[in-house]
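First residue of the sequence shown? That's 6 in the working numbering, and the numbers climb one at a time after it.
Data block below; observations after.
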Amino acid sequence: MSPQIAGVLQMLALIAALALACRPLGDFMARVYSSDRHLRVEKWIYKGIGANPNVEMRWPAYLRGVLAFSAVSVLFLYALQRLQGSLPGSLGFASIDPDQAFNTAASFVANTNWQSYYGEQAMGHVVQTGGLAVQNFVSAAVGMAVAVALVRGLARSRTGELGNFWSDLVRGTVRILLPISVIGALVLVACGAIQNFAPIHEVGQFMGGTQQWNGGAVASQEVIKELGTNGGGYFNANSAHPFENPGGLSNLFEIFLILLIPLALTRTFGRMVGSLKQGYAVLGVMATIWIGFTALMMWTEFAHHGPAFDIAGGAMEGKETRFGIAGSSLFAVATTLTSTGAVNSFHSSFTGFGGGITMLGMQLGEIAPGGVGSGLYGMLIMAIIAVFIAGLMVGRTPEYLGKKIGTREIKLAACYILITPALVLGFTAAAMALPTPGDSMTNSGAHGFSEILYAYTSGANNNGSAFAGLNADTQWFNTTIGIAMLLGRFLPMVFVLALAGSLAQQKPVPATAGTLRTDKALYSGLLVGTILIITGLTYFPALALGPLAEGLAS
C-alpha cells in the first residue's frame with residue numbers, strides 16, 4: 006500500500022470515528038449546560054469556592070468570573086514554579102526563573118501551552134501534575150463556558166442573563182472533561198504511553214555516556230492535553246516522543262481527541278438554539294476547511310523533488326518514521342486548525358508551503374474546528390460578520406437566528422477579529438526591528454522571518470506550537486509572547502460576552518421571505534469565503550515575506 010493511500014484511509018477512519026462520537030457527545034453537552042441539577046461533588050466544589058451556582062449572571066458579572074478565576078490561576082501556577090526547588094517530587098530541579106515562570110503560567114492559563122523549556126529537564130512531578138495538568142482541565146472548561154454563554158445569548162430573548170460562570174466551569178470539568186479523560190488515559194496506556202511517578206534513572210549507554218530519563222503521569226496529562234486542545238508536552242519532543250505517542254494507533258487516537266469536542270459543540274449549539282440545521286451548517290463550514298487544509302498539506306508534503314525526496318518517499322525531514330508523512334500531516338493540520346499546539350513532527354522542517362499551511366491555519370482564528378469552546382465562538386463571530394456582509398449586498402438589515410445585527414453587534418464582532426492580527430503583526434514587527442530578538446533566530450532569510458512570525462501567531466492565537474529553530478527562552482520572547490497569550494485569550498472574550506449580552510436582550514425578529522437562510526449551502530459558502538478573504542487580506546503580506554517566499558524559492 007502506498008503512503009498516499011494509507012493517508013487517505015487514516016483520514017476516512019478518523020472522519021468515521023468522529024461522525025459516530027460527535028452526535029451523542031454533542032447532545033450530552035447540551036443537556037449538561039441546560040440542566041438545573043447539581044451533582045453532589047459539584048455542590049462540594051461550590052461550597053469550597055463560595056459560589057452560588059443558581060444565580061444567573063449578566064455579561065459583566067460573567068466576565069468578572071472568567072477574569073478573576075484566570076488571574077488567580079496565573080498567580081498560583083507562577084508561585085508553584087517559583088517554589089519548585091523547595092517542593093517534594095521536584096526530581097531535584099531548581100525553581101523556574103521569573104520570566105519563564107510568568108511565560109509558562111500565562112501560557113497554560115490561556116490554554117496556549119507554549120513551552121520555552123525542556124519539560125523533562127525543568128518540571129518535577131508536582132508542577133507537572135498539580136499545576137500544568139490542572140490548568141489543562143480548567144482552561145479548557147473556561148473556553149467552553151464562554152462559548153455556551155454566547156450560544157445562550159443567541160437562544161434567549163428579552164434578558165441579559167447568560168447563565169452562571171461557576172456552574173458552567175465546574176460542570177464542564179466534572180461531567181465532560183474528566184470522564185472522557187479517564188477513558189482516554191486507559192486507551193493511551195494500552196497503546197504504550199507511560200503512567201507513573203518514577204524518578205530520574207539511567208536507561209543505558211548513549212553516544213559513549215549514560216542516558217537518563219524520568220517518568221511521569223504522562224498518559225493522564227497527554228489525554229487532556231489533546232482533548233482540551235491544550236498542547237503542552239510532558240517531554241520536549243511533545244507528541245513525537247514514544248512515551249507520549251507510542252505508535253500509529255495512538256497517533257490517530259490523539260488526533261481524534263483533538264477534534265472531538267470542538268466538532269461536537271456544533272451539535273450542542275444546534276440543540277441549544279433549537280435548530281440542528283444551524284449546527285450542521287457550522288459543522289459543514291468547519292469540515293470543509295479542515296478537509297481542504299489536510300488534503301493540501303498531504304499534497305505539499307508528498308510532492309517530493311529530487312532523488313533524496315524520492316528515496317524517502319517525500320519530505321521526511323523532522324518527521325517520525327512510525328507516523329510517516331500522512332500521520333504527521335494529519336496531526337499538523339489538526340493541531341493548528343485547533344488551539345492545541347501539540348506536535349508529532351517539527352513544523353519548521355516541513356516544506357515552505359507546508360509550514361505556511363500550519364501558520365495560515367492558526368491565522369484563520371483556529372475555527373475549523375478550533376479550540377475547545379474558542380473554536381465555536383470564533384466561528385459564530387465570523388458567521389455574524391458574513392451575515393452583515395450579505396445584508397450590505399442586498400440592502401437589508403442583517404439578522405442571525407432571529408437577532409438583528411446592528412451597529413453595536415458589528416462593532417463588537419469587528420473588535421474581536423482585529424485583536425489577534427494586531428498582536429501578531431505588531432509584536433513581529435517589533436522583534437524584527439529591534440537588534441536583540443533577531444539573535445534568537447537560527448536561520449536567516451525567509452525561514453528566519455517565519456520563525457518569528459510563527460511564534461507570535463502561535464502565542465496570540467493561543468496555539469502553542471513553534472518553529473523549532475527559534476530560541477524563545479529569552480527575556481524578550483518570554484515576556485512579549487506571555488503578554489500576547491494573555492491578551493489574545495482574554496480580550497476577545499470581553500467582546501464575545503458583551504456581544505452575547507447584547508443579543509440576549511433583543512426581541513426575536515420573525516423570519517420573512519427576505520430573510521437570509523443561514524442553514525443553507527449558499528450561506529455556508531459565503532461564510533467560508535468570508536473567513537478566507539478576511540484572513541488573506543490581513544496576513545498575506547507577512548506570509549509573502551516568510552513561507553510563500555521560501556516555498557517559491559525551493
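Even glycine gets a Cβ: it sits at the ideal position worked out from N, Cα and C.
All of these numbers come straight from a predicted model, not from anything done at the bench.
(message) If you follow the alpha helix (DSSP H) that TRP304 is in, where does it begin and where does it stop?
(response) Element bounds for TRP304: 281 to 307.
(message) Between THR134 and ALA222, how many whole angstroms is the CB-CB distance? I'm expecting something under 8 Å.
(response) Going by Cβ atoms, the distance from THR134 to ALA222 rounds to 5 Å, so yes, they are a contact pair.
(request) Could you tell me which of LEU458, SER244, ALA242 and LEU191 sits nearest to SER225, measuring between CA atoms? (result) Considering only alpha carbons, the answer is LEU191.
(message) I'd like to check one pair, ILE488 with ALA111: are the Cβ atoms closer than 9 Å?
(response) Yes, these two residues count as a Cβ contact at 9 Å.
(message) When you compare the CB positions of GLY168 and TYR239, do they come within less than 9 Å of one another, or not?
(response) Not closer than 9 Å, so no.
(request) Along the alpha helix (DSSP H) that carries HIS452, what are the first and last residues, could you check? (result) Note, HIS452: alpha helix (DSSP H), 450 to 465.
(message) Quick check on DSSP: helix, strand or coil for ARG176?
(response) Helix, per DSSP.
(request) Might you give, ordered along the chain, the residues of its own chain that have their beta carbon closer than 6 Å to the beta carbon of THR540, omitting 5 neighbours on each side? (result) These residues qualify, in order along the chain: GLN368 and LEU369.
(request) Determine, using beta carbons only, whether LEU560 and ILE266 come nearer to each other than 9 Å. (result) The requested residue 560 does not occur in the structure, where the chain is confined to residues 6 to 559.
(request) Alpha carbon to alpha carbon, how far is LEU268 from LEU288? Give it in angstroms, no decimals. (result) The straight-line gap separating the alpha-carbon atoms of LEU288 and LEU268 is approximately 7 Å.
(message) Output needed for GLU207: all residues of its chain with C-beta closer than 6 Å, excluding positions within five of it in sequence on either side, in chain order.
(response) Leaving aside the five residues that flank GLU207 on each side, the residues in its chain whose CB is nearer than 6 Å to its CB run, in chain order, THR215 and GLN217.
(request) Just grab the DSSP bridge partners of ASN219 for me. (result) Paired residue(s): ILE205.
(request) For the segment 95 to 174, list the alpha helix (DSSP H) runs that are entirely contained and at least 4 residues long, ordered along the chain. (result) DSSP runs (the alpha helix (DSSP H)) wholly in the segment 95 to 174: 103 to 114, 124 to 127 and 138 to 160.
(request) In angstroms with no decimal places, state the Cα-to-Cα distance between SER121 and VAL79. (result) Per the coordinates, the alpha-carbon of SER121 lies some 17 Å from the alpha-carbon of VAL79.
(request) Would you mind stating whether TRP64 and GLY396 have Cβ atoms separated by less than 9 Å? (result) It is not a contact, given that the beta carbons lie outside the stated cut-off.
(message) Given a cut-off of 9 Å on the beta-carbon distance, is the pair ASN235 and PHE74 in contact?
(response) The Cβ atoms of ASN235 and PHE74 lie no closer than 9 Å to each other.
(message) DSSP three-state label for PHE522, please.
(response) With the sequence shown as reference, residue 522 is identified as Arg, and Phe is not the correct amino acid for it. Three-state result, ARG522: coil.
(message) Between MET437, ALA451, ALA438 and ARG494, which has its C-alpha nearest ALA465's C-alpha?
(response) Among MET437, ALA451, ALA438 and ARG494, the Cα nearest to that of ALA465 belongs to ARG494.
(request) Answer yes or no: do LEU504 and LEU428 have a C-beta to C-beta separation smaller than 9 Å? (result) Pairing LEU504 with LEU428 gives a Cβ-Cβ distance that is not under 9 Å.
(message) What would DSSP say about ARG36, mapped onto helix, strand or coil?
(response) ARG36 falls in the helix class under three-state DSSP.
(message) Taking 9 Å as the threshold (C-beta atoms), are LEU96 and GLY124 in contact?
(response) Taking 9 Å as the Cβ cut-off, GLY124 and LEU96 do not qualify as a contacting pair.
(request) Could you please give the first and the last residue of the uninterrupted alpha helix (DSSP H) stretch that includes VAL499? (result) That run of the alpha helix (DSSP H) goes 480 to 509.
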